[in-house]
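Below: the structure, in structure tokens.
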Amino acid sequence: MISGFNALGLWYVLLLGAALGVVAPIAQAGQLPEDPPDQTLLGPVARLMSIHPEHADNSDLEPIARAIGQARIVVLAQASPDDGAALWAMTRLTRFLIRQHGFSVVAFEAGLYDCRVMNFQFAAGTDPIIAAPQGLSDSLARSGFTSNLWRDTWRSYLTPRPIELCGFSPEFSGLRTARQLPRDLLDFLGSIEPHPLSRDQRRTYLTALERLNEAVQADDHAQVVRVWEHLNQLRSVLYANREALQAATSELEFAWWDRIVTDAVSNAQALMRLAGDDSLVNRRAAIQRRMGEHFVWLATEVYPGRRIIVWADSLTAVRGIDEITTNPMPTSNVPLVSAGQAWHKALGDDLYVLTLTTAGGSRGSIRGDATMVPVPSADTLEARFAGLNWPFLFADLRTTDPREPGWEWLDQPQRSGMLGLGADVGLPSNATARAMWRLHMDGVLFLRSAWPNSFEGRSPEGESHTVQSE
Numbered sequence: 414m415i416s417g418f419n420a421l422g423l424w425y426v427l428l429l430g431a432a433l434g435v436v437a438p439i440a441q442a443g444q445l446p447e448d449p450p451d452q453t454l455l456g457p458v459a460r461l462m463s464i465h466p467e468h469a470d471n472s473d474l475e476p477i478a479r480a481i482g483q484a485r486i487v488v489l490a491q492a493s494p495d496d497g498a499a500l501w502a503m504t505r506l507t508r509f510l511i512r513q514h515g516f517s518v519v520a521f522e523a524g525l526y527d528c529r530v531m532n533f534q535f536a537a538g539t540d541p542i543i544a545a546p547q548g549l550s551d552s553l554a555r556s557g558f559t560s561n562l563w564r565d566t567w568r569s570y571l572t573p574r575p576i577e578l579c580g581f582s583p584e585f586s587g588l589r590t591a592r593q594l595p596r597d598l599l600d601f602l603g604s605i606e607p608h609p610l611s612r613d614q615r616r617t618y619l620t621a622l623e624r625l626n627e628a629v630q631a632d633d634h635a636q637v638v639r640v641w642e643h644l645n646q647l648r649s650v651l652y653a654n655r656e657a658l659q660a661a662t663s664e665l666e667f668a669w670w671d672r673i674v675t676d677a678v679s680n681a682q683a684l685m686r687l688a689g690d691d692s693l694v695n696r697r698a699a700i701q702r703r704m705g706e707h708f709v710w711l712a713t714e715v716y717p718g719r720r721i722i723v724w725a726d727s728l729t730a731v732r733g734i735d736e737i738t739t740n741p742m743p744t745s746n747v748p749l750v751s752a753g754q755a756w757h758k759a760l761g762d763d764l765y766v767l768t769l770t771t772a773g774g775s776r777g778s779i780r781g782d783a784t785m786v787p788v789p790s791a792d793t794l795e796a797r798f799a800g801l802n803w804p805f806l807f808a809d810l811r812t813t814d815p816r817e818p819g820w821e822w823l824d825q826p827q828r829s830g831m832l833g834l835g836a837d838v839g840l841p842s843n844a845t846a847r848a849m850w851r852l853h854m855d856g857v858l859f860l861r862s863a864w865p866n867s868f869e870g871r872s873p874e875g876e877s878h879t880v881q882s883e
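Here this note's numbering runs 413 ahead of the position in the sequence shown, where the first position is 1.
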């Protein structure tokens, strides 16, 4: 999900709690260190029996629920949306928290506007195959590893407690955004009579905005600038009619459109050559700040009191990012920024960040080739978990005492690949981060092997999604 500008976005640029059993062999991905770390690490760790969303017995997930406690917001953070195993685990945990622990909102690191459209589509009974791509990229919307969540969401609207979906990114991510957003904006302005824009003005704006993607693809700088100017003009019209629009709709509805239009202006500006000093790293920092603002607003103003599950990149969700070092060092002088810092400041202990990580395997986009996940060296967080010889593990870093035998390392910096570092932060894809991780997240969900994302949503040959007990 950490990305620059995708083609669609160009529009605007486990606490020991599980019963121990005899484990059937499960293939490992990659060669793990020959000398595993201290086996006493098992003490505060809970073993998960499965990552499959349809696994019948969810008792193995209860240690995670106990660790979350009364926290209203749970962030499920992964290094890459191209990891099918992580998506399956996140889907299973999301379904569990919704069904048994009162969560009812799922927020994605995807477009604020687009996910709102997606939510409306689900509420209207639109088939999930059509509804999900309105807000999310194919890696989530069309993945076989997430399909259970979309079916659950559709069915929830037949019950008294529907699952609501939202997004918090300023970048646009939907399938039809380029054509739908201008029309929706003009319709919102038309909530008052007479319409603040003439018919000719509406036609001019609509034509120009709908052609932004074409202008970008054709490298038509003049047209991109005109779109930016039009968006600024529309924002002025929005503000000039604030009171009337609030009276005709609601203050909350106006606040939605204020944020959406401001994002559109910013994204269009990022596409302009005159914003050439906006490097990919600078652009990512601006997006992270805006995601910090957007999600706090959603959590406090749009969904106050609701229990929310967040799907985000690890690098987005961590707090105290300025205290995390990387190897190698970034080539950019721009400091790393994370939305999670703003979330933590505003929401405090109401927020529980659970980060997924893996010790090998491969990742691959839903339409692309797979790449190997580097096997962790013996001094990494992942190697500590891999040494326990169990495929799925959960550790609660928030309450585990560093004086617990085998857990002294909690008060020591550890290397890890869980942040999914890459070019957008000025680093190669094999870069690692080093930190005292309990200061930056609340829990770790370890998966021994990553799997490529796919339309089918099946575990690769030689891998298993469930531990077979005898």
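Note that the Cβ used here is the ideal one computed from N, Cα and C, for glycine as well. From a predicted model like this one, the values you see are computed outputs, not experimental measurements.
- Starting from Phe516, trace the beta strand (DSSP E) both ways and give me its first and last residue. Residues Phe516 to Gly524.
- Query: Does the beta-carbon of Ile542 have 16 or more other beta-carbons within 10 angstroms, so that it is buried, or is it exposed?
  - Reply: Around the beta carbon of Ile542, fewer than 16 other beta carbons lie within 10 angstroms, which makes this residue exposed.
- With DSSP run on the structure shown, which of helix, strand or coil describes Met685? If DSSP states are grouped into helix, strand and coil, Met685 belongs with coil.
- Query: Apart from the five residues just before and just after Val709, which ones in its own chain have a Cβ nearer than 8 angstroms to its Cβ?
  - Reply: Result list for Val709: Ala755, Trp756, Ala759 and Leu760, in chain order.
- Expressed to the nearest angstrom, what Euclidean distance is found between the alpha-carbon atoms of Pro826 and His853? Straight through space, the alpha carbons of His853 and Pro826 are spaced by roughly 11 angstroms.
- The beta strand (DSSP E) with Tyr765 in it runs from where to where? Start and end: Leu764 to Thr771.
- What residues in its chain sit with their C-beta under 8 angstroms from that of Gln701, if we drop five residues either side in the sequence? Result list for Gln701: Thr729, Val750, Ser751 and Ala752, in chain order.
- Task: Evaluate contact between the stretch 553-561 and the stretch 640-655, counting only Cβ atoms and requiring at least three cross-stretch pairs below 8 angstroms.
- Result: Contact between the stretch 553-561 and the stretch 640-655 is absent, with fewer than three C-beta pairs closer than 8 angstroms.
- Which of helix, strand or coil does DSSP assign to Ser550? If DSSP states are grouped into helix, strand and coil, Ser550 belongs with coil.
- Task: Let me know the secondary structure DSSP gives Arg696 once reduced to three states.
- Result: If DSSP states are grouped into helix, strand and coil, Arg696 belongs with the helices.
- Item | Best match in Asn843, Ala498, Phe859 and Glu475 for proximity to Phe509 [C-alpha to C-alpha] | Of the listed residues, the one whose Cα sits closest to Phe509 is Glu475.
- Message: For Gly833, which residues in the same chain have their Cβ closer than 7 angstroms to its Cβ, ignoring the five residues on either side in sequence?
- Response: Closer than 7 angstroms at Cβ, skipping near neighbours: Ile415, Ala492, Ser493, Asp726, Ser727 and Leu728.
- Message: Quick check on the burial criterion: 16 or more other C-beta atoms within 10 angstroms. Buried or exposed for Ala631?
- Response: Ala631 comes out exposed.
- Task: Give the DSSP-derived three-state secondary structure of Asn740 in the structure shown.
- Result: Residue state, collapsed to three classes: strand.
- Item | Per DSSP, cross-strand counterpart(s) of Asp837 | Asp837 is not bridged to any residue.
- Query: Under 9 angstroms between the Cβ atoms of Ala502 and Val723?
  - Reply: Going by C-beta atoms, Ala502 is not nearer than 9 angstroms to Val723.
- Item | Sufficient close CB pairs (3 or more, under 8 angstroms) joining the stretch 760-770 to the stretch 728-746 | Cβ pair count under 8 angstroms is three or more, so yes.
- Message: Only counting the same chain, and skipping five residues up and downstream in sequence, which positions put a Cβ closer than 8 angstroms to that of Phe805?
- Response: If the five residues before and after Phe805 are omitted, its C-beta is found closer than 8 angstroms to the C-beta atoms of Leu427, Arg460, Leu461, Met462, Ser463, Ile464, Ala502, Leu858, Phe859, Leu860, Arg861 and Val880, all from its own chain and listed in chain order.
- Task: Grab me the residues of Ala432's own chain with a C-beta within less than 7 angstroms of its C-beta, minus the 5 sequence neighbours each way, in chain order.
- Result: For Ala432, the predicted model reports a pLDDT of 31, less than 50, meaning its position is unreliable; a value from the coordinates is still stated below. Excluding residues up to 5 positions away in sequence, nothing lies with its Cβ nearer than 7 angstroms to the Cβ of Ala432 in the same chain.
- What's the gap between the Cα of Arg485 and the Cα of Asp763? One C-alpha to the other measures close to 5 angstroms.
- Item | Minimum C-alpha distance to Thr572 - residue among Arg512, Phe585 and Thr620 | Among Arg512, Phe585 and Thr620, the Cα nearest to that of Thr572 belongs to Arg512.
- Task: Kindly indicate which residue of Leu625, Leu823 and Phe601 has the alpha-carbon position closest to the one of Ala657.
- Result: Of all alpha-carbon atoms in Leu625, Leu823 and Phe601, the one lying nearest the alpha-carbon of Ala657 is that of Phe601.
- Which residues does DSSP pair with Arg460 in a beta bridge? The partner list for Arg460 (beta bridge, DSSP) reads Leu806.
- Message: Run through the DSSP bridge pairs and tell me what Phe859 is partnered with.
- Response: Phe859 has Thr770 and Leu806 as its beta-bridge partners, per DSSP.
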